[in-house]
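Enquirer: Sharing a structure here in structure tokens format.
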Amino acid sequence: MDNLEIIATKSSPEINFNRETNILSIIGESYPENTTVFYEPVFQWLETYIDTVQDQVTVNVELIYFNSSSSKVLMDLFEFFEDHSEEGKNIVVNWIYDEENDAALEYGEEFAEDVESLTFNLVEK
Amino acid sequence: MLSKEELLIQEYENFLNLREQEGLPFSSKEVSTLLKAYKRSTKQLNKIIKISDKQQDELKEVSETLNAKSLKVQSLLDNAEQGFLSFGDDFIIDAEYSKECNRLLGPALEGKDISDVLYLQDGAKKHFFKEALINVVNEESELIKDSMISLLPNEVIVNRRAIKVDYKILTNKTFMIVLTNITKEKLLEKKIEKEQEILKMIVVIVSEPTQFYELKDDFERFAKNKRVFVNPNFSFKINLNELYRDIHTFKGNFSQLRMQNCVKELHNLESKLSVMNTDENCTNQDLLDILNTSDMNEWMDKDLFIIKEILGIEFFDKQYKLEVDDKFIFNIEDKITYLLQADNQHMNTYEGILNEINKARGTTLNTALSIYPKLCQEIAKVQNKRVSDFKVIGGEDILTPMHFKPFIKSLVHIFRNAIDHGIEHPDERVEIGKKEYSSIVCLIESNKDNFKIIISDDGAGINLEKLKDKVLKAKLFTEFELSNMSESSLLELVFIDSLSTNDEITKLSGRGIGMGAVKSEIEKLSGEIKIESKQGEGSKFILKIPTSLHGTLINIASNERDNITVEYILSPVVNRATTYLQSDMKINIRNKATFSYVLINETSIKDYCSYIHISGLVDVSVCISYDQFLLDKLLNEFNQGYPIKKEDLAEYRESISKEVINIIVGNALFNPYDKTVLEITTPYILEYDELVSHSTHHKIAHVIIDTEYGEMQILVGKF
């Protein structure tokens, strides 16, 4: 299985899921024209990946701007990790935000509310 | 593609259909799953709405700040007294620009073409501007882009305002320009420049007052007597050329003194004359008309007014004194000269006095030329060229006789040409491996026969190809003739009036007049000029002037006492006689004129001689006598070959002898500027015996011109 690498565009983030290091990063802005289509391969990759992984998985999310459908994707994503961590996977999510950006911190807090077994860190850049 | 929720809904709709068909309700497990999904969905929806609200709040806040900021920026820009506007690669001005743009470029700029606004009617400039910007857009290297931008025009004049333009590239295809009204600065700059010019003029005039007074007088006389310059006996072309040359030299001299207003007027006249030169229908009358409509008397007024303002009227009073001094010294000198000849015992004392007077009165050749190094620096500065400081070398022991002055003045053309045409710009020099600072050398060498002024530069040399082109264009020689010319003959072509290798006419040179003036002045002194030039290496002008005629009077160290009459009378007469015989009468001269002092009773006067008496500044007579064969040759020329009856011959010879002396002395000494200095009688015939009995035992100056038809003898002295 290959790593997942999607180059950033003006409206979509850079996706870099590395199965050797088990670091999965999403960096940039997210308001693609069709959010579901854009993130579908991401979920597909994760479905395959999550079954094989044994070690700790680190998910770094650093989004400067995302639209409403992207926030739904994020919730789905965190739920996905939450489900698997309930099943015993060791998963850490780092919500990375800029010191200046109060709103980003608040969004992170909103997302953090919904998870229990998943480690959800709010990390100041 | 369907989302998780949609898939679930679809599944339950299927269930619902199935249950309806079966007539069974949902099981509690099914309802619980549905509820769970519904709950999850609601939760997600609320969260999304919450986040979205937050985002909208944030957006609103940002947009408010942005609005406020943009208003602030707009007001800053509007009050910045600079115009800011942007336009795309279609050159159409964007809607957002600052108010100053309206003030500078006019109302309603949005949608207009920037090049139309900046350059109004000037199509060529518009084109250049657009082309340059398109090149900038297409250039990829940032470095080249920046340097291209620096080449864009950075000053424009719109509605008589001077506007400074700065360019910025906003995005790949958007430019911003910043406009600054620099009209005031420009005006101030101009005013300062003007004041600096005036200051320079004053400095030059104060440090070279003699030159100023002389030029002022010369020009006043010229303006008063301007009509004299149109000689009805000469063709229009000859008169035009003479006048042109005089005007050009005046212009050069005034520009040396920085009398800019006068230079401007002379430049205009020169332009008018040069138009006439190409008009075949012009006559002497047209020339007179142009002169009559030119108020030359007033041309100096502006500059003189400024000088008077600054230096006071007393400055002009000093001039009057100087003139008196000059004549005063003149008289003393003349008297001492005669005392010296009569009283041999105190010869050394007299000579000492004379030398002192000479030093006070005259300038040495070195001093006379020393104005040029300074001038060279000034011209070079104007043209952004660099010349190493230099001094005139030699000539400290050579006094400059009065009649050398026009010659010295004409040298201005050589120096100007060296800088205008010869010396390259510093960049160019460095590129071809030369020193940034060019060198000009002015060297004076003298021996007992002659002295030489050598002026050389290490510039580009004379461009022979360009010169040939000009000659061909002016139809002066055919291509065939040119191809057969030696290099030195080709170089001689620079002396042709109205020929210059510089394509651009500057105020200073480029009209091709100049080198002709130098040649004609040096020929008046029986001298010669030679040019050596090597393309790329420089030019050298060697001016050689014989001292056989001037020598006794110019060498301070010499024991031979100079005689004022020789300087003022004999030299010009001999020069004129030589030219007359050679050029007008086509008689070859076999040997150079020989000069000596003689006692009248020790010399033999030839058979045919006539006299002219000159009074005023001096009091001497000139006598010209001829070998009969030479006189008859002259007679024959005059009579155009018609035979003369034997009985009339004596009468004819007498009258031709008078005629020739009249022409020679008249032309040599006639000063159109000032008729008061010398008065010349009509010629008369005197027998030898009568002459000897009249004459004192003074030594007289004696010159023999040896021609192919016999000798001409010229005597000058008191007899």
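Protein chains in written order, with our numbering: chain Z, 30 to 154; chain R, 780 to 1498.
For glycine and all other residues, C-beta sits at the position ideal for the given N, C-alpha and C.
Please read these numbers as outputs of a predicted model, since none were measured by experiment.
Classify Met30/Z as buried or exposed, calling it buried when 16 or more other Cβ atoms lie within 10 Å of its own Cβ.
Expert: For the purposes of this step, residue 30/Z is taken as residue 1 along the first sequence, with counting starting at 1. Exposed: under 16 other Cβ atoms inside 10 Å.
Enquirer: Can you name, in chain order, every residue of its own chain whose Cβ lies under 7 Å from the Cβ of Glu809/R, other than the five neighbours on each side?
Expert: Numbered from its first residue, the second sequence carries residue 809/R at position 30. The residues are Phe794.
Enquirer: When Cβ atoms are compared, which residues of the segment 894–915 of chain R fall closer than 7 Å to chain Z?
Expert: Flagged: no residues at all.
Enquirer: Once you ignore the five residues that flank Ser114/Z on each side, which residues in its own chain have a CB closer than 6 Å to its CB?
Expert: For the purposes of this step, residue 114/Z is identified with residue 85 of the first sequence, where counting begins at 1. Cβ within range, chain order: Ile120, Ser146, Leu147.
Enquirer: Could you give the residue range of the beta strand (DSSP E) that holds Gly1293/R?
Expert: Position 514 of the second sequence, counted from the first residue, corresponds to residue 1293/R. Careful: Gly1293/R lies outside any beta strand (DSSP E) and carries neither H nor E.
Enquirer: How close, in whole Å, do the beta carbons of Gly1295/R and Ile1275/R come, if the pair is a contact with beta carbons under 8 Å?
Expert: Taking the first residue of the second sequence as position 1, residue 1295/R is located at position 516. Taking the first residue of the second sequence as position 1, residue 1275/R is located at position 496. The pair is a contact, with the Cβ atoms about 7 Å apart (cut-off 8 Å).
Enquirer: What three-state label does DSSP hand Gly1489/R in the structure shown?
Expert: As a first step, residue 1489/R must be located in the second sequence, where it is residue number 710. DSSP places Gly1489/R in strand when its eight states are reduced to three.
Enquirer: Relative to the alpha-carbon of Tyr1405/R, which residue among Ile1423/R, Lys1385/R, Val1399/R, Leu1304/R has its alpha-carbon at the smallest distance?
Expert: Taking the first residue of the second sequence as position 1, residue 1405/R is located at position 626. Among Ile1423/R, Lys1385/R, Val1399/R, Leu1304/R, the Cα nearest to that of Tyr1405/R is on Lys1385/R.
Enquirer: What residue from Tyr791/R, Glu801/R, Lys839/R has the CA that sits closest to Tyr817/R's CA?
Expert: Reading the second sequence from its first residue, position 38 is the one you call residue 817/R. The candidate whose alpha carbon is nearest that of Tyr817/R is Tyr791/R.
Enquirer: Assuming Ile1435/R and Leu1465/R are in contact, meaning their beta carbons sit under 8 Å apart, how far apart are those beta carbons, in whole angstroms?
Expert: Taking the second sequence and counting its residues from 1, one reaches residue 1435/R at position 656. Taking the second sequence and counting its residues from 1, one reaches residue 1465/R at position 686. That pair is no contact at about 16 Å.
Enquirer: Would you kindly check if the distance between the Cβ of Leu1270/R and the Cβ of Ile1241/R is under 9 Å?
Expert: As a working mapping, residue 1241/R is identified with position 462 in the second sequence. As a working mapping, residue 1270/R is identified with position 491 in the second sequence. A contact, by the Cβ cut-off of 9 Å.
Enquirer: Looking only at C-alpha atoms, which of Glu1260/R, Ser1189/R, Lys1371/R sits nearest to Asp1228/R?
Expert: Indexing the second sequence from 1 puts residue 1228/R at position 449. Taking only the C-alpha atoms, the option nearest Asp1228/R is Lys1371/R.
Enquirer: For Ile1187/R and Asn1226/R, what's the separation of their Cα atoms in angstroms?
Expert: What you label residue 1187/R is simply residue 408 of the second sequence in a count that begins at 1. What you label residue 1226/R is simply residue 447 of the second sequence in a count that begins at 1. Rounded to whole angstroms, Ile1187/R to Asn1226/R spans 19 Å at the Cα level.
Enquirer: Using a Cβ-Cβ distance under 9 Å, would Glu790/R count as near chain Z?
Expert: Translated into positions along the second sequence, residue 790/R becomes position 11. No - not a single Cβ of chain Z is within 9 Å of the one on Glu790/R.
Enquirer: If you draw a straight line from the alpha carbon of Val1150/R to that of Met1079/R, how long is it in whole angstroms?
Expert: Counted from its first residue, the second sequence places residue 1150/R at position 371. Counted from its first residue, the second sequence places residue 1079/R at position 300. The residue you asked about is not Val; residue 1150/R is Ile in the sequence shown. Going by the C-alpha atoms only, they are around 22 Å apart.
Enquirer: Between Ser831/R and chain Z, is any beta-carbon pair separated by less than 9 Å?
Expert: Taking the second sequence and counting its residues from 1, one reaches residue 831/R at position 52. Yes, Ser831/R counts as interfacial toward chain Z.
Enquirer: Please decide whether Ala141/Z counts as near chain R, where near means a Cβ-Cβ distance under 9 Å.
Expert: What you label residue 141/Z is simply residue 112 of the first sequence in a count that begins at 1. Chain R, which has no Cβ nearer than 9 Å to the Cβ of Ala141/Z, makes this no.
Enquirer: Checking contacts by CB at 9 Å: is Lys39/Z closer than that to chain R?
Expert: Taking the first residue of the first sequence as 1, we reach residue 39/Z at position 10. No, no contact with chain R.
Enquirer: If contact is defined by three or more beta carbon pairs under 8 Å, each pair taking one atom from either stretch, is the segment 1198–1213 of chain R in contact with the segment 1249–1267 of chain R?
Expert: Verdict: no, contact absent.
Enquirer: Looking only at DSSP bridge pairs, what is Val985/R linked to?
Expert: For the purposes of this step, residue 985/R is identified with residue 206 of the second sequence, where counting begins at 1. DSSP lists no partner for Val985/R.
Enquirer: Name, in chain order, the residues that DSSP records as bridge partners for Pro804/R.
Expert: On the second sequence, position 25 is the one that residue 804/R refers to. DSSP, once it has assigned bridges, lists no residue as partnering Pro804/R.
Enquirer: Would Phe1086/R and Ile981/R be called neighbours here (beta carbons separated by less than 9 Å)?
Expert: Walking along the second sequence from the start, residue 1086/R turns up at place 307. Walking along the second sequence from the start, residue 981/R turns up at place 202. In the sequence as presented, Phe is not what sits at residue 1086/R; that position holds Ile. Taking 9 Å as the Cβ cut-off, Ile1086/R and Ile981/R qualify as a contacting pair.
Enquirer: Under the DSSP definition of a beta bridge, which residues are partnered with Gln1035/R?
Expert: On the second sequence, residue 1035/R is found 256 positions in, with the first residue counted as 1. Looking at the DSSP assignment, Gln1035/R forms no beta bridge with any residue, so it has no partner.
Enquirer: Within this structure, are the beta carbons of Leu1066/R and Ile1026/R separated by less than 9 Å?
Expert: For the purposes of this step, residue 1066/R is taken as the residue at position 287 of the second sequence. For the purposes of this step, residue 1026/R is taken as the residue at position 247 of the second sequence. Contact flag unset, no.
Enquirer: Over the uninterrupted alpha helix (DSSP H) stretch that includes Cys880/R, give me the two end residues.
Expert: Your numbering for residue 880/R matches position 101 in the second sequence. From DSSP, the alpha helix (DSSP H) with Cys880/R extends over 878–884.
Enquirer: Residues of chain R with a CB under 8 Å from the CB of Glu135/Z: which are they?
Expert: Here the question's residue 135/Z lines up with position 106 in the first sequence. What Glu135/Z touches in chain R: Lys833.
Enquirer: Is Gln861/R helix, strand or coil when you go by DSSP?
Expert: For the purposes of this step, residue 861/R is identified with residue 82 of the second sequence, where counting begins at 1. Strand, per DSSP.
Enquirer: Does His113/Z come out as helix, strand or coil in the three-state DSSP assignment?
Expert: Residue mapping note: residue 113/Z aligns to position 84 of the first sequence, counting from 1. Correct three-state label for His113/Z: helix.
Enquirer: Along the chain, where does the beta strand (DSSP E) containing Glu1311/R start, and where does it finish?
Expert: Your numbering for residue 1311/R matches position 532 in the second sequence. Note, Glu1311/R: beta strand (DSSP E), 1307–1313.
Enquirer: Taking Cβ-Cβ distances shorter than 7 Å, what residues in chain R pair up with Thr64/Z?
Expert: Residue numbering aside, residue 64/Z sits at position 35 when the first sequence is read from its first letter. What Thr64/Z touches in chain R: nothing, since even the nearest Cβ is about 10 Å away.
Enquirer: Quick one: measure Cβ to Cβ for Ile1484/R and Ile1368/R, integer angstroms, because I've assumed they're closer than 8 Å.
Expert: Taking the first residue of the second sequence as position 1, residue 1484/R is located at position 705. Taking the first residue of the second sequence as position 1, residue 1368/R is located at position 589. With 8 Å as the limit, Ile1484/R and Ile1368/R qualify as a contact, their Cβ atoms being about 6 Å apart.
Enquirer: Counting only beta-carbon atoms, is Asp105/Z nearer than 9 Å to chain R?
Expert: Residue numbering aside, residue 105/Z sits at position 76 when the first sequence is read from its first letter. Yes, Asp105/Z lies at the interface with chain R (some Cβ there is under 9 Å from its Cβ).
Enquirer: Comparing alpha-carbon positions, which option in Asp832/R, Gly902/R, Tyr898/R lies nearest Glu934/R?
Expert: Stepping through the second sequence from its first residue, residue 934/R is reached at position 155. With distances taken between Cα atoms, Glu934/R lies closest to Tyr898/R.
Enquirer: Let me check understanding here. Comparing Cα to Cα, which of Leu106/Z, Asn123/Z, Asp127/Z, Gly117/Z lies closest to Phe72/Z?
Expert: Position 43 of the first sequence, counted from the first residue, corresponds to residue 72/Z. Nearest of Leu106/Z, Asn123/Z, Asp127/Z, Gly117/Z to Phe72/Z, Cα basis: Leu106/Z.
Enquirer: Measure the beta-carbon distance from Cys880/R to Leu958/R and round it to whole angstroms, keeping in mind my assumption that it falls under 8 Å.
Expert: Residue 880/R sits at position 101 when you count from the first residue of the second sequence. Residue 958/R sits at position 179 when you count from the first residue of the second sequence. Yes, Cys880/R and Leu958/R are in contact; Cβ-Cβ is about 6 Å, under 8 Å.
Enquirer: Use the C-beta contact count for Gly1317/R: other C-beta atoms within 10 angstroms, 16 or more gives buried, fewer gives exposed.
Expert: Within the second sequence, numbered from 1, the residue matching residue 1317/R stands at position 538. So Gly1317/R ends up on the buried side.
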